[in-house]
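Here the sequence shown stands for residues 2 to 392, where the numbers follow the numbering used here.
Glycine included, every Cβ here is placed at the ideal spot set by N, Cα and C.
What follows is a set of notes on a single structure, which appears directly below.
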Amino acid sequence: QQYGSIGLLVVQQRHSSNVVKSQTSNLAAYKRGTGGRSSFSGIVATVFGNSGFMGSSMVTRLGKIGSQVILPYRCDPYVIRNLRLCGELGQINFVPFDLRNEEDLIKSMKYSNVVINLIGRDWETKNYNFNDVHVEGPRKLASLARKLGVERFIQVSHLNASPNPTPILLSKGSEYLKTKWAGEMAVKDEFPEATIIRPSDMYGIDDNFLFYYMNRWRRSGKNKMSLWRKGEQTIKMPVDVRDVTQGIVNAIQDPSSAGKTYECVGPHPYLLSEIIDYLFRIIRAPSYKRTDISPTFLAKLEVVRRAPDLPHMTWERVEKEFVSDVLHDLPSLEDLGVEPRAFETQARYLMRVFKLQRFYEESVGEFATPEKPKKYTPQSDLSLGHFSTHA
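What follows is the structure in C-alpha cells.
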C-alpha cells in the first residue's frame, strides 16, 4: 500500500509489469460532502485531450461536482494553466505525457476510476496522422485502462463516423470520419463496457464551427461564403458543447450507460444554408452573399493547406462540413437527462464579437432583431430529401 501523488490510498499489484488497482479497500474513494465543488464525488477522472475545445467545459463540469481530475498534456503548460481554476485547490493535477509512451499513459491513469478520451484532430501533421490519433491512440488507452482496473471509459467520436462516409469533394470520402469509426471499434474491442459519445458539430466559445465560418480565410471575399451546392443540400443539428460535456458527466454517474453509444445533437435540424445566413444576419454583414464552391475557392483552399502559419482550413475539414447529420435510432442526450439548448438562442451571444457596430445598445431598437433560421422536421429519418419545413 502507498499514497499516490494525488493523495489516494490504493492497492497495487504487479502482473507482467501492469499495475492493477483495487477500489474495494480504497476508503479515500468514498463520496463525501454535500455534492458541490468542495465535496468529493468519488470520481477520479483522467481527461485526455483537455487542451482542446471540449477540455475546459469537461473539466469545469467535473470540478463543479467535486471530482479529482488528472490532466495529461503535451502542449506548453501555459496553454492549460487556466484549467486549474476549474476545481478546488489540489483537485486538478497535471502530468506530461506522450500518446506513444506506455509508461506515461499508465502514470496518467493508474489512480483513476474514470478515463475520458477527447483527443481528436481535424488535420494531419508530420508527427500524428488520423490513424495515430483516432485509432491507435484510443486502442492503447482503452487497453491499458482495462488492465489498470479503470471502471468507466468514455470515448468521444463523431455523429457521422462511418466506415464508408458519403463522398462530397473527396472521391474517397472523409478520412476523419473513417478513422473515428475505426477508433470506436478499437475501443470496443479493448474495453467492451466503454461508453461512446457521438456529438454532431459542437458550438461554443472559440469553437471550430461557428467561429470557423467567421474566419476571413474561410470566406470568399469579405462577406461571401462558398458552400457545396450553396449549403442547401447539407443538414446539420449543431449541439452546445456544454450539453455534451454534461451528458458525459451524467453517463459517468449512470451505471446503465456502460457499453452504450449516445448520439448528442441539438433539438432541431437545419439546412447549413439557414445556419450560415443566420450567422451573417447576426453580425450585420453588408452585401452578404452565399455562393457555390468555385475553382477560385478550391485554389485558395490548396494555398491555405500548404501554409503552416495560416488557419488549418484543409480539404478534410471542408469535406466533413458538407456531410449531413444522420441519426441511427440510438440513445440521445435526453436519455442522459440533458435537455439540449436551441442553437438560435446561443448563436446571438457567441457571434457578438463579430458584429458590425456591436457596441450599440440593442435594447434601444436601432437594429432589427435577426430573423431566426428555419427549422426542419424529418418525416422518417435525417436522410436528405426527407424533410418538411416548419416555422
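Does the Cβ of V80 have 16 or more other Cβ atoms within 10 Å, making it buried, or fewer, making it exposed?
-> Within 10 angstroms of the beta-carbon of V80 lie fewer than 16 other beta-carbons, which makes it exposed.
Check K22 in the structure and name its three-state DSSP category.
-> Model confidence at K22 stands at a pLDDT of 44, short of 50, so the residue's coordinates are unreliable and nothing is read from them.
Would you call the segment 254-267 and the segment 326-336 touching, i.e. three or more CB-CB distances under 8 Å?
-> The segment 254-267 and the segment 326-336 touch, with no fewer than 3 CB-CB distances between them shorter than 8 Å.
Count the other C-beta atoms from every protein chain shown that fall within 10 angstroms of the C-beta of R219, then say buried if there are 16 or more, exposed otherwise.
-> That one is buried.
Which residue spans inside the segment 87-155 form an unbroken alpha helix (DSSP H) run of at least 4?
-> The segment 87-155 contains these whole alpha helix (DSSP H) runs: 103-110, 138-149.
E185, buried or exposed, once every other Cβ within 10 Å from all chains shown has been counted against 16 = Buried, since its Cβ has 16 or more Cβ neighbours within 10 Å.
For E372, collect the residues of the same chain with a Cβ closer than 8 Å to its Cβ; drop the 5 residues on either side in sequence, then sort them by chain order.
-> Residues of the same chain with a CB within less than 8 Å of the CB of E372, apart from the 5 flanking positions on each side, are Y279, R282 in chain order.
Those runs of the beta strand (DSSP E) which lie wholly inside the segment 268-317 and span at least 3 residues = Correct list: 290-293.
Can you name the residues that DSSP bridges to M226?
-> Checking the DSSP bridge columns, you'll see M226 partnered with R291.
Would you mind working out which of H269, M226, V240 sits nearest K290, comparing C-alpha positions?
-> The shortest CA-to-CA distance from K290 to any of H269, M226, V240 is the one to M226.
Consult DSSP for I66 and reduce its assignment to one of helix, strand or coil.
-> In this structure, I66 counts as coil in the three-state DSSP scheme.
Beta-carbon separation of L119 and M59 under 8 Å?
-> It is a contact, given that the beta carbons lie within the stated cut-off.
Classify R217 as helix, strand or coil using the three-state DSSP reduction.
-> The three-state reading of DSSP puts R217 in coil, since its state is none of H, G, I, E or B.
Going straight from the alpha carbon of T378 to that of H269, what length do you get?
-> Approximately 7 Å between the Cα atoms of the pair.
Best match in R75, N83, C76, L90 for proximity to F41 [C-alpha to C-alpha] | Nearest neighbour of F41 by Cα position, chosen from R75, N83, C76, L90, turns out to be L90.
Beta-carbon proximity of V266 to S201, cut-off 8 Å = Yes, they are a contact pair.
Output the distance between the C-alpha atoms of T25 and G88, rounded to the nearest integer angstrom.
-> Bear in mind that a pLDDT of 46 at T25, under 50, signals an unreliable position, so the model cannot answer this.
One or two residues paired with M203 in a DSSP bridge | M203 is bridged to V240.
Would you give the residue range spanned by the alpha helix (DSSP H) that R49 belongs to?
-> It is worth fixing the name first, because residue 49 is Phe in this sequence and not Arg. DSSP places F49 in no alpha helix (DSSP H) but in the uninterrupted beta strand (DSSP E) bounded by 45-49.
For R62 and V254, the rounded distance between their alpha carbons = The question names Val, but residue 254 is Gln in the sequence shown. Straight-line measurement puts the Cα of R62 at about 13 Å from the Cα of Q254.
Extent of the continuous beta strand (DSSP E) to which E264 belongs | Counted as a single uninterrupted DSSP element, the beta strand (DSSP E) harbouring E264 occupies residues 262-265.
Determine the DSSP secondary structure at R38, reduced to helix, strand or coil.
-> Here R38 sits in coil by DSSP.
Nearest to R230 by alpha carbon, out of E275, T196, V134?
-> Of the candidates E275, T196, V134, the one whose C-alpha sits nearest the C-alpha of R230 is E275.
Would you check if the distance between the CB atom of T180 and the CB atom of V136 is smaller than 8 Å?
-> Yes, Cβ-Cβ distance for T180 and V136 is below 8 Å.
Who are the near neighbours of Q92 in its chain, counting only those whose CB is closer than 6 Å to its CB and skipping five residues on each side?
-> If we look at Q92 and ignore the five residues flanking it on each side, its Cβ neighbours are Q69.
Mind reading off the beta-carbon distance from D241 to R147? Whole number of angstroms is fine, and I expect it under 8 Å.
-> Cβ atoms of D241 and R147 stay farther apart than 8 Å, at about 32 Å.
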